[in-house]
Each structure stands twice: as C-alpha cells, then as structure tokens.
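**Student:**
Chains as they are written, first to last, in the numbering used here: chain H, 15 to 200; chain E, 13 to 159.
1) Which value, in whole angstroms, describes the spacing of the CA atoms of residue 92 of chain E and residue 146 of chain E?
2) In or out: residue 103 of chain E buried (at least 16 other Cβ within 10 Å) or exposed?
3) Which same chain residues, not among the five before or five after residue 86 of chain H, have their C-beta less than 7 angstroms away from its C-beta?
4) Could you name the residues of the same chain whose beta carbon sits closer than 6 angstroms to that of residue 78 of chain H, not counting the 5 residues immediately before and after it, in chain order?
5) Do the CB positions of residue 66 of chain E and residue 77 of chain E come within less than 7 angstroms of each other?
6) Decide yes or no for the touch test of the region 170-186 of chain H against the region 69-84 of chain E: beta carbon pairs closer than 8 angstroms, at least 3 of them.
7) What do you reckon, are the CB atoms on residue 168 of chain H and residue 144 of chain H nearer than 7 angstroms?
8) Using the beta-carbon of each residue, which ones in chain E are nearer than 9 angstroms to residue 190 of chain H?
9) Please classify residue 72 of chain H as buried or exposed, where buried requires at least 16 other C-beta atoms within 10 Å of its C-beta.
10) Against chain H, which members of the region 49-72 of chain E pass a CB distance test of less than 9 angstroms?
11) Quick check on residue 20 of chain E: does DSSP put it in helix, strand or coil?
12) At the level of alpha carbons, what is the spacing between residue 50 of chain E and residue 61 of chain H?
13) Taking 6 angstroms as the limit between beta carbons, can you name the residues of its chain near residue 82 of chain E, skipping five residues before and five after?
14) According to DSSP, what are the bridge partners of residue 111 of chain H?
15) Just to confirm my understanding: we take residue 191 of chain H, look at its own chain, exclude 5 residues before and 5 after, and list those with CB closer than 8 angstroms. What are they?
16) What did DSSP end up calling residue 27 of chain E once you bin it into helix, strand or coil?
17) Answer yes or no: do residue 122 of chain H and residue 153 of chain H have a C-beta to C-beta separation smaller than 7 angstroms?
18) To the nearest whole angstrom, what separates the beta carbons of residue 23 of chain E and residue 39 of chain E, a pair I think is in contact under 8 angstroms?
19) Cα separation between residue 74 of chain H and residue 47 of chain E?
20) Compare the Cα-Cα distances from residue 43 of chain E to each of E/35, E/135, E/33 and E/54 and report the closest residue.
21) Report yes or no: is there a C-beta of chain H within less than 7 angstroms of the C-beta of residue 16 of chain E?
22) Given that residue 199 of chain H touches chain E, what residues does it touch there, using C-beta distances under 9 angstroms?
23) Under 9 angstroms between beta-carbons, which chain H residues line up against residue 33 of chain E? List them in chain order, please.
24) Closest by CA to residue 26 of chain E, which one among E/134, E/100 and E/57?
25) Roughly how many angstroms separate the alpha carbons of residue 53 of chain H and residue 84 of chain H, rounded to a whole number?
26) Would residue 155 of chain H be called buried (16 or more neighbouring beta carbons within 10 Å of its own) or exposed?
27) With DSSP as the reference, label residue 88 of chain H as helix, strand or coil.
28) Is residue 103 of chain H buried or exposed, if buried means 16 or more other CB atoms sit within 10 Å of its CB?
29) According to DSSP, simplified to helix, strand and coil, what is residue 77 of chain E?
Shown next, in the form of structure tokens:
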C-alpha cells in the first residue's frame with residue numbers, strides 16, 4: 015500500500031527535474047538584447063573631413079569631426095567635437111562648433127549640443143556670434159534656434175536670453191525669457 | 013552723476029526682437045534700463061544703433077508711464093521724470109518727454125506736455141503743444157546770508 019503512494023511523488027519529482035533541465039538548455043531567443051542592438055552603430059569613422067559641393071562645384075560645407083557614428087535603426091549620425099564651416103548665398107562664412115552634433119539621415123539640419131557656438135563672418139568684416147547649451151540649425155528655414163544660456167553678440171552689444179531664434183537671411187533675432195542686453199559706450 | 017553718460021548700458025526685459033541690418037532692437041515686458049545712476053522703466057523700448065560701428069545712438073521708451081531717474085550729485089539729489097513717451101539721446105545726452113510729462117529735480121517741479129532736459133548742463137525747457145499751460149514750481153535759491 016505504501017509502495018503505490020510513492021509512485022505519484024516519484025513521477026512529480028521526475029517531471030520537475032526534466033522541466034528545470036529543459037528550461038536551462040533552451041538558448042535565449044536573441045543573443046544580443048534589443049538594448050545592445052540600439053547602442054551599436056552600423057558603421058563608424060574616425061578623423062572625419064567631409065566636403066559638400068553644389069552643382070557648380072562650389073564648396074558649400076565642410077564638416078570635420080573627431081568621430082562619426084551612424085545608427086541605421088535610428089536614421090541618425092552622431093558627431094564628436096564637430097567643427098563645421100558653411101558658406102551662405104551672400105558668401106558670408108558660418109563657423110559652428112560644439113561638443114556633440116546630430117544629423118538626421120536625409121536632412122541637412124544639424125543639432126549642436128554642449129558649448130555650442132556659431133560665428134558669422136560677414137563680407138564687410140562684421141561678425142555675429144551665437145552661443146548656447148544647444149543650437150539647432152534648420153536648413154530649409156535658414157534659421158538657428160539657440161536654447162539654454164543663449165547669447166547673441168554683435169557690434170551693437172551682447173544680449174542674453176533663455177531662447178534665441180536667429181534668421182540668417184534677414185539677420186533678425188527673436189529673444190525670449192530673461193532677456194538682458196549689454197551695450198558698451200563707444 | 014556726470015560720469016553716467018559714459019557708462020555702458022544694461023537692459024532687462026521679458027523678450028526682445030533684434031534687426032541687425034537696421035541696427036535696431038525692441039525690448040518688451042517690464043523693461044529696465046541702467047546706465048550708471050540713470051534708470052529708465054518702461055513697457056516698450058526701442059534702441060537705435062549705428063549698424064556699422066554698433067554705437068548706441070538713441071532709446072525710445074513707452075509706458076504707462078515711462079519713467080526716468082538719475083542721481084545728480086554726491087549729496088543724493090535726484091531728478092525724476094515721467095511721460096507717456098520718453099526719448100533719450102545717448103550721444104547728445106538729451107532727454108525728451110512727451111505727453112502728460114512731469115519732471116522733478118530736487119525740489120523744483122514741472123508739469124507740461126513736452127519737457128526737454130539736457131543731462132550734461134542740467135537745463136530744461138517745458139512747452140505745452142496743445143491747450144493748457146506749463147506748471148512750474150521752482151524753489152528760491154538759498155541765500156548765503158539767510159541763517
């Protein structure tokens with residue numbers, strides 16, 4: 015009588031052992047977790063210099079970057095210490111630099127982050143400088159949007175604000191939030 | 013103070029619009045201008061600079077009212093003025109007040125529609141350009157003999 019009662023116990027123990035053994039054997043569905051895939055560029059370059067020309071062979075833009083990483087799944091290129099030179103239609107020179115840069119695939123917009131600076135050197139020698147935590151260059155609208163400790167410095171003086179939107183063509187700027195202007199007496 | 017007009021100018025406001033080609037900038041919202049002991053308060057301020065040299069030429073302030081204050085000397089004597097519109101020429105050191113204007117210098121007071129005040133030689137002129145008259149209260153100069 016005692017023997018019959020032992021059989022279910024033995025069966026249960028056996029099933030349990032097989033289950034643990036089996037579950038331990040099956041390999042994980044993907045060797046690399048999604049998180050790992052996202053942080054892996056599909057290609058990267060070091061010591062990069064990229065030149066861009068228009069249809070007439072006139073240089074439009076030069077991008078120099080310590081490191082360039084491209085992420086296919088996010089359609090984005092990340093730049094380390096980008097240093098960018100760009101010529102606008104009136105041939106004034108724009109010089110931009112920052113700790114990091116981002117360019118979306120298929121777009122000419124550039125997001126500069128970390129000690130971002132843009133300097134415009136006009137044909138008449140005048141300069142205009144934008145500085146901020148982040149500066150977003152939007153190619154189609156030809157505007158620069160500076161956010162976080164933003165400042166615009168020109169011959170007139172220097173003005174700080176939380177946010178500054180600068181229009182390259184009209185040379186006009188909209189400043190918002192804690193605006194402080196400082197004008198030296200000549 | 014005499015040194016005021018050679019000091020840098022600092023402007024604070026909620027927002028601003030700058031036109032570098034034209035050499036103008038418009039500040040709006042709780043505008044406060046400081047230059048040495050000079051202070052201007054306004055709702056709206058437009059500044060005019062030379063687009064090439066960048067030199068600041070003129071400020072136009074509007075407010076309800078716009079106010080101008082300046083300390084005249086080391087004793088702390090003040091000039092206080094208000095007007096619907098105020099124009100400060102930083103090159104000629106000239107202040108013009110328009111529309112319901114008031115100026116008080118130490119104990120002298122003026123009410124008029126237009127007041128012109130020359131900062132360097134501390135002279136002023138008041139006019140009424142419509143009806144009404146200029147009201148002026150001038151304190152007699154203290155006589156040395158008078159105890």
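Ideal Cβ positions, reconstructed from N, Cα and C, are used throughout, including at glycine.
**Tutor:** Let me spell this out:
1) Here residue 92 of chain E refers to the residue found at position 80 when the second chain is read from its first residue. Here residue 146 of chain E refers to the residue found at position 134 when the second chain is read from its first residue. Distance between the alpha carbons of residue 92 of chain E and residue 146 of chain E: 17 angstroms.
2) Taking the first residue of the second chain as 1, we reach residue 103 of chain E at position 91. Per the 10 Å Cβ criterion, exposed.
3) Residue mapping note: residue 86 of chain H aligns to position 72 of the first chain, counting from 1. 56, listed in sequence order.
4) Taking the first residue of the first chain as position 1, residue 78 of chain H is located at position 64. Closer than 6 angstroms at the Cβ level, and outside the excluded window around residue 78 of chain H, lie 63 and 97.
5) For the purposes of this step, residue 66 of chain E is identified with residue 54 of the second chain, where counting begins at 1. For the purposes of this step, residue 77 of chain E is identified with residue 65 of the second chain, where counting begins at 1. Contact flag unset, no.
6) no
7) Against the first chain, residue 168 of chain H aligns to sequence position 154. Against the first chain, residue 144 of chain H aligns to sequence position 130. No; because the gap between Cβ atoms is not below 7 angstroms, this pair is not in contact.
8) Along the first chain, read from residue 1 onward, the residue named residue 190 of chain H stands at position 176. What residue 190 of chain H touches in chain E: 26, 27 and 28.
9) By one-based count along the first chain, residue 72 of chain H stands at place 58. Residue 72 of chain H should be labelled exposed.
10) 59, 61, 62, 63, 64, 65, 66, 67 and 68
11) Position 8 of the second chain, counted from the start, is the residue given in the question as residue 20 of chain E. The answer is coil: DSSP assigns residue 20 of chain E none of H, G, I, E or B.
12) Numbered from 1 along the second chain, position 38 holds the residue referred to as residue 50 of chain E. Numbered from 1 along the first chain, position 47 holds the residue referred to as residue 61 of chain H. Their backbone Cα atoms lie some 54 angstroms apart in a straight line.
13) Position 70 of the second chain holds residue 82 of chain E. If we look at residue 82 of chain E and ignore the five residues flanking it on each side, its Cβ neighbours are 49, 50 and 91.
14) Working through the first chain from its first residue, we reach residue 111 of chain H at position 97. According to DSSP, which records beta bridges pairwise, residue 111 of chain H is partnered with H/97 and H/131.
15) In the first chain, counting from the first residue as 1, residue 191 of chain H sits at position 177. Closer than 8 angstroms at the Cβ level, and outside the excluded window around residue 191 of chain H, lie 175, 176 and 177.
16) The residue given as residue 27 of chain E occupies position 15 in the second chain. The answer is strand: DSSP assigns residue 27 of chain E an E or B state.
17) In the first chain, counting from the first residue as 1, residue 122 of chain H sits at position 108. In the first chain, counting from the first residue as 1, residue 153 of chain H sits at position 139. Yes.
18) Your numbering for residue 23 of chain E matches position 11 in the second chain. Your numbering for residue 39 of chain E matches position 27 in the second chain. Right, their Cβ atoms sit about 6 angstroms apart.
19) Here residue 74 of chain H corresponds to residue number 60 of the first chain, with the count starting at 1. Here residue 47 of chain E corresponds to residue number 35 of the second chain, with the count starting at 1. Their Cα atoms are separated by approximately 44 angstroms.
20) The sequence position of residue 43 of chain E within the second chain is 31, counting from 1. Taking only the C-alpha atoms, the option nearest residue 43 of chain E is E/54.
21) In the second chain, residue 16 of chain E corresponds to position 4, counting from 1. Output row for residue 16 of chain E: interface = no.
22) Mapped onto the first chain, residue 199 of chain H falls at position 185. Chain E residues near residue 199 of chain H: 17, 18, 19, 20, 21, 47, 67, 68 and 102.
23) For the purposes of this step, residue 33 of chain E is identified with residue 21 of the second chain, where counting begins at 1. Correct list: 184, 185 and 186.
24) To locate residue 26 of chain E, count along the second chain from 1; it is residue 14. Minimum Cα distance to residue 26 of chain E is reached at E/57.
25) Here the question's residue 53 of chain H lines up with position 39 in the first chain. Here the question's residue 84 of chain H lines up with position 70 in the first chain. If you take the alpha carbons of residue 53 of chain H and residue 84 of chain H, they lie about 10 angstroms apart.
26) Stepping through the first chain from its first residue, residue 155 of chain H is reached at position 141. Exposed is the call here.
27) Here the question's residue 88 of chain H lines up with position 74 in the first chain. In this structure, residue 88 of chain H counts as helix in the three-state DSSP scheme.
28) Counting from one through the first chain, the residue named residue 103 of chain H turns up at place 89. The residue is exposed, with fewer than 16 neighbouring Cβ atoms inside 10 Å.
29) Position 65 of the second chain, counted from the first residue, corresponds to residue 77 of chain E. The answer is strand: DSSP assigns residue 77 of chain E an E or B state.
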